[in-house]
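Be aware that the sequence shown starts at 1, since it is given in the UniProt record's numbering, and climbs by one per residue.
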Amino acid sequence: MADAEPTDDRLRLLIERVERLEEEKKGIADDIRDVYAEAKAVGYDVKIMRQIVRLRKMKPDDRREMEMVLDTYKSALGLG
Numbered sequence: 001m002a003d004a005e006p007t008d009d010r011l012r013l014l015i016e017r018v019e020r021l022e023e024e025k026k027g028i029a030d031d032i033r034d035v036y037a038e039a040k041a042v043g044y045d046v047k048i049m050r051q052i053v054r055l056r057k058m059k060p061d062d063r064r065e066m067e068m069v070l071d072t073y074k075s076a077l078g079l080g
């Protein structure tokens, strides 16, 4: 079964790469959590910060469209 061996090695290497990336992802998530904890400790509203981060990720046109729909919904509910 000489053909199976390289495939087995490749599979093992791919799985190990995914495992390393998962570890890095966990480390980054921990770092992000620490930054939010620091922000909270100095008085920032973390919930609002998360919303701002989410908004900044959006394309400007998508953000404008979302804000227009939100304004429409708020007006319809008398929150405007």
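Glycine residues also receive a C-beta, built at the ideal position from the N, C-alpha and C atoms.
A quick note: this is a predicted structure, and the numbers were derived from the prediction, not measured.
- When secondary structure is reduced to three states using DSSP, Gly27 falls in the helix class.
- Here the C-alpha atom of Lys57 lies approximately 33 Å from the C-alpha atom of Leu13.
- If you draw a straight line from the Cα of Glu24 to the Cα of Leu79, it is about 43 Å long.
- Out of Asp8, Arg50, Asp61, Lys59, the CA that lies nearest to the CA of Ile32 is found in Arg50.
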